[in-house]
Structure formats: structure tokens, C-alpha cells
Amino acid sequence: MNYFKTSLFALFIVLSSLNAAVFLEKPADFNPKAEVVGCCFLHYQDKILLMHRQDAKAEGNRWGIPGGKLHKGEPLMDAIIREVYEETGFHLDKEKIHYIGKLFIKVPNFDFEYHMIQYMPQIENPQDVKINFKEHKGFTWVTPRDALKYNLITDEDICFELVFGLGRTKQ
Numbered sequence: 000m001n002y003f004k005t006s007l008f009a010l011f012i013v014l015s016s017l018n019a020a021v022f023l024e025k026p027a028d029f030n031p032k033a034e035v036v037g038c039c040f041l042h043y044q045d046k047i048l049l050m051h052r053q054d055a056k057a058e059g060n061r062w063g064i065p066g067g068k069l070h071k072g073e074p075l076m077d078a079i080i081r082e083v084y085e086e087t088g089f090h091l092d093k094e095k096i097h098y099i100g101k102l103f104i105k106v107p108n109f110d111f112e113y114h115m116i117q118y119m120p121q122i123e124n125p126q127d128v129k130i131n132f133k134e135h136k137g138f139t140w141v142t143p144r145d146a147l148k149y150n151l152i153t154d155e156d157i158c159f160e161l162v163f164g165l166g167r168t169k170q
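So for the sequence shown, numbering that gives the first Met the number 0 puts the first residue at 0; every next one is plus one.
This is the structure in C-alpha cells:
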């Protein structure tokens, strides 16, 4: 957790151009409009899965980890399993899901909780990703460091930096 705290200063600088802020602890003025199953890291060898969003979607033509919003009253682990299946076709074993932590993200007019999750076993057949073409137009397996070179959705790079201990490689 010390790495997370020392990274906060850098996070505020990174997000200042987006008028967004990321917190490890819930700010007093935080009013979440959604909970997001954000970073569900799926591994194959030394790579993680990135999904390429459709142009017409929010944050279109950008890359991100499988995930999405929790339904009202939905248990977190059920949401993870549902979202990963909807976006990739992979069935996850609930017992092998590792909860990393939660970030509190404030952007203008929209605060949300962002859950970071990692699936512990490697994906056995990485070519078997079944894209939901309503949401995504492609996928790739890439190292976490190389993922920072992609046009990622707004908060994805921060998750990579925190989870994998990476320094900033792009402006």
C-alpha cells in the first residue's frame, strides 16, 4: 500500500488535464453514481488482455481491460464473472478471483468507485476470446508496460501503474 500512497501525487498530475482525480480513500465530498468492475486483469504468459472499444461507445476507439458497471444489488464477484463473460466469452472460477483494491474516481459531474481485480490462473487458450461486437472491435494480449503505449480509457493506465508498479511511459 505504500507504493499506492507515494503514487498519488503523480496521479493528480496525470489526471489534471482530464479534470479528474483518483483517491485511495473515500473523499468527504464523494457521491458515487456507479460502481465499476474496472480492472479485471486476465493473464496469458507475461501478457494481459486489452479490449478495443467500438467507436460509438463511451471512450470509443480506446483500449481497456474487461469490465463494466455493477447492477444494483449485484454482488461484486458475480458482476466480475458476468462482465468478463459478456466481453470475452471466458468463464471465471469465483474461487480464483483475487480482489486487489478500490479507487475512488472523481470526474466532473460523475464520481464512481473503481474495483481492481485479477484472475489468478493463466488463460489457457488466449485465441478463444469471443468479442461482443456491440462493445468491442478487437483485442490484443500485451505486457502491462507496453499497454501504457496504447490509447487507454481514462483511468486504465493508473490501474496498470498501481497494480504492476510501473512508472509513467507516456505523456
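Think of the CB as a built atom: it goes at the ideal place given N, C-alpha and C, for glycine as much as any other residue.
- If you look at Val141, you'll find it in the beta strand (DSSP E) that goes His135 to Val141.
- In summary, Ala78 is buried, with 16 or more beta-carbon neighbours lying within 10 Å of its beta-carbon over all protein chains present.
- At a Cβ-Cβ threshold of 8 Å, Leu49 and Val141 count as neighbours.
- Annotation for Ile130: no beta strand (DSSP E) segment contains it, and DSSP assigns it neither H nor E.
- The closest CA to that of Phe29, considering only Val162, Met76, Phe109 and Leu165, is found on Phe109.
- Minimum Cα-Cα distance from Leu147 among the listed residues Ala33, Lys101, Phe103 and Phe159 corresponds to Phe159.
- Following the DSSP letters along the chain, one finds Asp110 inside the beta strand (DSSP E) bounded by residues Phe109 to Gln121.
- DSSP places Ala20 within a strand segment (E or B) once states are collapsed to three.
- Following the DSSP letters along the chain, one finds Ile157 in no beta strand (DSSP E) but inside the alpha helix (DSSP H) bounded by residues Glu155 to Phe163.
- Here Tyr113 has Val35, Gly37, Lys101, Leu102, Ile104 and Asp154 as same chain residues with Cβ atoms under 7 Å from its own Cβ, once five neighbours each way along the sequence are excluded.
- Taken atom to atom, the span from the alpha-carbon of Thr139 to that of Tyr149 is near 11 Å.
- At the C-beta level, Pro65 and Glu86 come within 8 Å of one another.
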